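K.L.:
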Amino acid sequence: MTQIELRGVQKYFGAVQVIKDLNLKIDDNEFIVLLGQSGCGKTTTLRAIAGLETIDGGDVLIDGKPVQHLKAADRDIAMVFQSFSLYPHMSVYENIAFPLRATRKSKAEIDSEVRSVAKTLQISDLLARKPSALSGGDMQRVAIGRALVRRPKAMLMDEPIGALDAKLREEMRAEIKRLHIKQGSTTIYVTHDQIEAMSLADRIVIMHEGVLQQVGSPDEVYSRPANLFVAQFVGSPVMNVADVAVAEKASSASVTVGGAATGFEFPRALLSKLNGHASDKLALGIRPEGVIVRREAAEGFLPVEAQIVEPLGSFDIVDLKIGSKMLRARTRSGFVSGPGVKVFARIDPAQAHFFDTASGKSLGVRL
Amino acid sequence: MATAVMTTLDPNSRSAARGMSDLTIRNLFIIPTIIFLIVFNIFPLLYSLGYSFTDFRASSPAAANFVGLQNYRELLNDPFIWSNFAITAKYVIVSVVGQVIVGFGVALLLNRDIPLKGLLTTLLLLPMMLSMAVVGLFWKLLYDPSFGIINYTLGLGSFEWLSNPDMALYAVAITDIWMWSPFVMLLSLAGLSAVPKHLYEAAAIDRAGSFYTFFRITLPLVAPILMIAIIFRTMEAFKTFDLAYILTSQPTTEVISIRLYKMAFQEWQTGRSCALAYIVLIMILAITNIYVKYLNKVKER
């Protein structure tokens, strides 16, 4: 049972503020992913929770007790590093046993704990080896084993699979998820890979330049991004964002992208929901799957020209030129035969997001 | 592991323009060194091996007679020679252990972010840049019983460092420790800074105390390079001549190289001293070999 709470945490590196007034509450057994670009302060946040980094303001609470003045060893938190940080001169067994030996557990106890953890992680046959004789995936299993063996209050993981190749990363991702479900411990996981974040997290915490942008379930941050940064950071391929002009029509609203001759048709309700928001500060966000493409002309579809077709196997991403802007659409593979083809496109109003371009905030319009 | 021994000469370089090939340039650099080595090292080494089986005296015009292993037999049965070896062994142990403790200790102190670290390290290295003779001469003054600064600072009155037969060897060892601890420190510092910082972080997360971290993480990882420092210092201490010769002339400080010097250049027993030199060489080789074996074992871990 471990709750971790950050209250108004501030951290400076020299004159640069890397964490700006961070507030976050993590519940027992929750799997939290800190997501952001490199340099956004996510790793610093994790290290501050671990006690490897001091903070310049605010509180770090574990189970309600402030721990910011405690050393890492006194916080009873385990951590898995991106560089694995295995002790190179010790065997796998000794590596896993290290945290138990350091706290002077009995020999029999150590042995049974190490073997049971090794069994869980399926590394029992590697116990006698040195880390240098292991593959990347096995090294990370050992590192996770070393963290698990002492049943810590919480597990912190700093891009634990970032150094592995793509296929192995996918395997280890599934393994970490399986392990979390089985062991159920409060986990904070740092990554810059949004697919990792989406697939693992109970809640995702998105950070940018030291500021927390949004906290929510993977579904929430994907379908209801709080601002332009989250909208464009989460989701691959990236969400289309374009400045738009909204005009009133007889029975509908017209949303013009990139100064095109005609606008996309939206329900009239959009107007009241935008509530007279200054139209020169309005941006439309639409994910590629929200751009619907047809080969023939139809009611509500605008003629566009395909510029680039990126075949991605199960689907294609097609860049469509509309006015002076490009809209990326997701189509069935092979749907658009190649560049230069004329097709017809429409925007699904239900998947459209509207943002204030000045503040970047979402206007929360749902249609 | 295959590594390229030679990289190919850049065809645009000036040497290439002069029509020199890789091979020519290699020879140009290596041959003088090899000639120098043969003339001043290998030739005397072999020549003295020949002398060690004779009764040759460089001071007399008499021709050398072949005496077989007689020199070796007599030397190895001579209790005085063995007492010289015992003195040498004691000196080596005291001085090398002292250097490792002081040098490694100072390296541990320096292995953190402190202001003026670079300057401090350079200043600490000064003793080993001095000449042995200079160090010997001014430590003689420092040790002086009547006006030496050591007795004055420690309040020892007129304690005799160098003329006291029981103390003299330790006095020489202390000087050697002062002079050569920086060498151990330098190598240890290199070893310590090569231990990745994230291992210490991992150990902190694993709740290891500072002693446990030192003995289970730091020491094993620095051991190989520390071992190299110990090998060098043992070999050097075994060969010590100048310091001991300049500082004192006590019979208790007659290390093996002083005995060798006296035998060769005061008693002019050239053949015999060649034999002794070979015995010393074999001993140093043997000791070094033990260390190297151990070093390889440490490296394997």
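Residue numbers (the working numbering), protein chains in the order written: chain A, 257 to 623; chain B, 5 to 305. For each residue, glycine too, the CB sits at the ideal point set by N, CA and C. Computed from a prediction, not measured in an experiment: that's the story for all the values here.
(1) Starting from PRO224(B), find everything on chain A with Cβ-Cβ shorter than 7 Å and list it in chain order.
(2) Could you check which residue in ARG61(B), PHE40(B), PHE57(B) and SER25(B) has the C-alpha nearest to that of PHE269(B)?
(3) Got a sec: which bits of the stretch 487 to 521 of chain A sit with their beta carbon under 7 Å from any beta carbon on chain B, in order along the chain?
(4) Could you run through the stretch 337 to 361 of chain A and flag, in chain order, every residue whose CB is less than 7 Å away from some CB of chain B?
(5) Is the stretch 560 to 580 of chain A close to the stretch 588 to 608 of chain A, with three or more CB pairs under 8 Å?
(6) Compare the C-beta of LEU302(A) against all C-beta atoms of chain B and say whether one is closer than 7 Å.
(7) So, does the CB of ASP210(B) fall closer than 7 Å to a CB anywhere in chain A?
(8) Tell me which residues of the stretch 377 to 394 of chain A have at least one Cβ-Cβ distance to chain B shorter than 9 Å, keeping chain order.
(9) Residue range of the alpha helix (DSSP H) that VAL96(B) falls in?
(10) Strictly under 7 Å for the Cβ-Cβ distance: is ALA328(A) near chain B by that measure?
(11) Taking the alpha carbon of LEU196(B) as the point to measure from, which residue in ALA208(B), VAL176(B), LEU280(B) and THR217(B) has its own alpha carbon closest?
(12) Taking 7 Å as the cut-off, decide whether the C-beta atoms of ALA175(B) and LEU166(B) are in contact.
(13) Beta carbons nearer than 9 Å to chain A: which residues of the stretch 177 to 206 of chain B have them?
(14) Going along the stretch 110 to 144 of chain B in order, which residues come within less than 7 Å of chain A, judged by CB to CB distance?
(15) ALA248(B) to PHE89(B), Cα distance in whole Å?
(16) According to DSSP, is TYR268(A) helix, strand or coil?
(17) Just to confirm the assignment: which complete beta strand (DSSP E) runs, minimum length 3, are found wholly within the stretch 432 to 481 of chain A?
(18) Bridge partners for ILE573(A) per DSSP, in chain order?
(19) Going along chain A, which residues have a C-beta under 8 Å from TYR298(B)?
(20) So, with DSSP's three-state summary, where would you put HIS533(A)?
(21) Do ASP330(A) and GLN266(A) have their C-beta atoms closer together than 7 Å?
(22) Measuring CB to CB, does ALA509(A) end up less than 7 Å from LYS581(A)?
(23) Between the beta-carbon of PRO602(A) and the beta-carbon of GLY556(A), is there less than 7 Å?
(24) By DSSP, does ILE234(B) sit in helix, in strand, or in coil?
(25) So which residues of chain A does ILE221(B) contact, with C-beta pairs closer than 8 Å?
(26) Determine the contact status of ILE460(A) and VAL477(A), defining contact as a CB-CB distance below 7 Å.
(27) Give the secondary structure of ALA20(B) by DSSP, where H, G and I count as helix, E and B as strand, and everything else as coil.
(28) How many whole angstroms separate the CB atoms of LEU530(A) and PHE610(A), which I take to be in contact at a CB cut-off of 8 Å?
(29) Counting pairs of Cβ atoms below 8 Å between the stretch 285 to 302 of chain B and the stretch 220 to 237 of chain B, do you hit three or more?
(30) Beta-carbon of TYR156(B) versus every beta-carbon of chain A: anything under 7 Å?
(31) Provide the residue(s) that pair with LYS315(A) in DSSP beta bridges, ordered along the chain.
(32) With a cut-off of 8 Å on the beta carbons, I'd call ALA403(A) and ILE444(A) a contact; round off their distance for me.
(33) Hey, how far is the Cα of MET189(B) from the Cα of GLY107(B)?
(34) Determine the burial state of LYS438(A): buried for a count of at least 16 other Cβ atoms within 10 Å of its Cβ, exposed for fewer.
(35) Can you name the residues that DSSP bridges to GLU561(A)?
(36) What does TYR216(B) reach in chain A if we use C-beta pairs closer than 7 Å?
P.N.:
By the coordinates alone:
(1) Residues of chain A passing the Cβ test: HIS345.
(2) Cα-wise, what sits closest to PHE269(B) is ARG61(B).
(3) Cβ contacts with chain B come from no residue of the stretch 487 to 521 of chain A.
(4) Hits within the stretch, in order: PHE337, SER339, SER341, TYR343, HIS345, PHE354, PRO355, ALA358 and THR359.
(5) Proximity of the stretch 560 to 580 of chain A to the stretch 588 to 608 of chain A meets the contact definition, three or more beta-carbon pairs being nearer than 8 Å.
(6) Interface annotation, LEU302(A): not in contact with chain B, CB-CB separation never under 7 Å.
(7) Yes, ASP210(B) lies at the interface with chain A (some Cβ there is under 7 Å from its Cβ).
(8) So the list reads LYS386, given in the order they occur along the chain.
(9) VAL96(B) -> alpha helix (DSSP H) spans 83 to 114.
(10) The Cβ of ALA328(A) sits closer than 7 Å to at least one Cβ of chain B.
(11) Measuring from the Cα of LEU196(B), the nearest candidate turns out to be THR217(B).
(12) Contact: yes.
(13) Per Cβ criterion, the list reads PRO200, HIS202, LEU203, GLU205 and ALA206.
(14) The stretch 110 to 144 of chain B vs chain A, Cβ under 7 Å: nothing.
(15) As the crow flies, the alpha-carbon of ALA248(B) is around 14 Å from that of PHE89(B).
(16) Strand.
(17) Complete beta strand (DSSP E) runs here, min 3: 442 to 447, 459 to 464 and 467 to 472.
(18) Paired residue(s): GLU566(A) and ARG586(A).
(19) What TYR298(B) touches in chain A, judged by beta-carbon distance under 8 Å, is nothing: the nearest beta carbon there is about 15 Å away.
(20) HIS533(A) falls in the coil class under three-state DSSP.
(21) Contact annotation: ASP330(A) and GLN266(A) have beta-carbon atoms that are not nearer than 7 Å.
(22) At a Cβ-Cβ threshold of 7 Å, ALA509(A) and LYS581(A) do not count as neighbours.
(23) Strictly speaking, residue 602(A) in this sequence is Arg, with Pro absent from that position. In terms of Cβ geometry, ARG602(A) and GLY556(A) form a close pair [threshold 7 Å].
(24) It is helical.
(25) Residues of chain A whose Cβ lies closer than 8 Å to the Cβ of ILE221(B) are, in chain order, TYR343.
(26) VAL477(A) sits close to ILE460(A), with the two beta carbons spaced by under 7 Å.
(27) Here ALA20(B) sits in helix by DSSP.
(28) With 8 Å as the limit, LEU530(A) and PHE610(A) qualify as a contact, their Cβ atoms being about 7 Å apart.
(29) Segments in contact, yes.
(30) Chain A contact via Cβ: absent.
(31) The sequence shown places Asp at residue 315(A), not Lys. Note: ASP315(A) sits in a beta bridge opposite ARG263(A).
(32) With a Cβ gap of about 12 Å, ALA403(A) and ILE444(A) do not count as contacting.
(33) Taking the Cα positions, MET189(B) is about 4 Å away from GLY107(B).
(34) That one is exposed.
(35) According to DSSP, GLU561(A) bridges with LYS577(A) and LYS598(A).
(36) Within 7 Å Cβ-Cβ: ALA358.
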